[in-house]
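Participant: In case it helps, the numbering used here puts the sequence shown at residues -19 to 214.
First the structure, which I've put down as structure tokens, then a few questions once you've had a look.
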Amino acid sequence: MPRESRTVSLSLDGHEIDVAVRRSARARRIAIRIDPAKGGAELVLPLRGSESEGLDFLRSRGSWLLSRLEAMPPHVPFCEGEMLPLRGIPHHIAHDPTARRGVWAEEGRIVVSGRAEYLPRRLHDWLRREARTDIAPRVYAKAALLGKRPAGITIRDQKSRWGSCSSTGSLSFNWRLILAPEDVLDYVVAHEVGHMAVHNHSPAFWRTVDRLTSHARTGRDWLRKNGDRLFRYG
Ligand SMILES: [Zn+2]
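Below you can see the structure in the form of structure tokens.
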């Protein structure tokens, strides 16, 4: 699908805000999205929609949009002293340039060795590996309950989703799940594994998910309330 996107500056109630304008073949009507990763607004237009109509729509919802943008959690960069939730538990990022072993977690800290300029990259790679360590065994165990075996497991940096299941049985998961409480990760794994058996969100699908985890409802609620926050790290 072509994803032509450009940024326009708008003045709303005296605030200058940047809005990414994107056309989507899937969009049926004009829509406003908040991009949790960038913390910005996005205007989605149907392929044949008029841009000026879209911008009028945006202006008509200016105060709603401003309040949503103001409510966005702040961006937390990967650097010394910042707080990062690991499996839902707050950890401070600490830098130890003299340590010999890569990255490790201890007593509420995640310690990163090596040079300061490599800290974000090393921490990111470590979190991705931790995510795989937590996710992969759960995938195999849950798939086995359905008599299935995944074609592959990929840990990705998806911009807005938590996981996906392809028609060929390859599963992808967002590395940011390692920031969420373990029950939430367990639910997302159950959800994607459930799609290996049922490819929609029918009642039969949710019954399957319930066989694979006891955290479906709490996991969904948690992600609805807190999911956006996780996109603000790193
Ligand atoms: Zn689904």
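Quick reminder that beta carbons are idealized off the backbone N, C-alpha and C, glycines included.
So Ala111 and Ile90 are supposed to be a Cβ contact under 8 Å. How far apart are they, rounded?
Facilitator: Going by Cβ atoms, the distance from Ala111 to Ile90 rounds to 14 Å, so no, they are not a contact pair.
Participant: Counting Cβ pairs closer than 8 Å, one from the region 180 to 191 and one from the region 139 to 147, do we hit at least three?
Facilitator: Touching, no, given that fewer than three Cβ pairs across the two stretches are closer than 8 Å.
Participant: Leaving out the 5 sequence neighbours to the left and right, which residues in its chain are closer than 6 Å to Ser(-15) when beta-carbon positions are compared?
Facilitator: Ala0, Arg2
Participant: Start and end of the alpha helix (DSSP H) containing Glu50?
Facilitator: First-last of the alpha helix (DSSP H) with Glu50: 42 to 50.
Participant: What residue from Thr188, Ile14, Asp166, Pro65 has the CA that sits closest to His175's CA?
Facilitator: Comparing Cα-Cα distances from His175 to each of Thr188, Ile14, Asp166, Pro65, the minimum goes to Thr188.
Participant: Whole angstroms are fine: how far does the CA of Ile158 sit from the CA of Ala123?
Facilitator: 20 Å
Participant: Straight-line CA distance for Arg129 to Tyr120?
Facilitator: 7 Å
Participant: I'd like to confirm the pairing. Which residues does DSSP put opposite Thr(-13) in its beta bridges?
Facilitator: Ala0
Participant: To which residues does DSSP link Met63 through a beta bridge?
Facilitator: His72
Participant: Can you grab the Cα-Cα spacing for the pair Ile10 / Trp106, in whole Å?
Facilitator: Roughly 40 Å separates the two Cα atoms.
Participant: For Leu46, collect the residues of the same chain with a Cβ closer than 8 Å to its Cβ; drop the 5 residues on either side in sequence, then sort them by chain order.
Facilitator: Counting only Cβ-Cβ distances below 8 Å, and skipping sequence neighbours, we find Leu(-8), Asp(-7), His(-5), Ile(-3).
Participant: Quick one: give me the first and last residue of the beta strand (DSSP E) that Phe153 is part of.
Facilitator: 150 to 154
Participant: Buried or exposed, going by whether 16 or more other CB atoms sit within 10 Å of the CB of Asp166?
Facilitator: buried
Participant: Applying the criterion that 16 or more other CB atoms from any shown protein chain within 10 Å of the CB defines a buried residue, is Met(-19) buried or exposed?
Facilitator: Its pLDDT being 43, under 50, Met(-19) is placed unreliably in this model, and the value from its coordinates should be taken loosely. Met(-19) is exposed by the Cβ-count criterion.
Participant: Given 7 Å as the limit, tell me if His195 has its C-beta closer than that to any heavy atom belonging to ligand 1.
Facilitator: His195 Cβ: outside cutoff for every heavy atom of ligand 1.
Participant: Looking at the secondary structure, which residues open and close the alpha helix (DSSP H) in which Pro117 lies?
Facilitator: 99 to 125
Participant: Relative to the alpha-carbon of Leu99, which residue among Thr113, Ser32, Ala74, Glu87 has its alpha-carbon at the smallest distance?
Facilitator: Ala74
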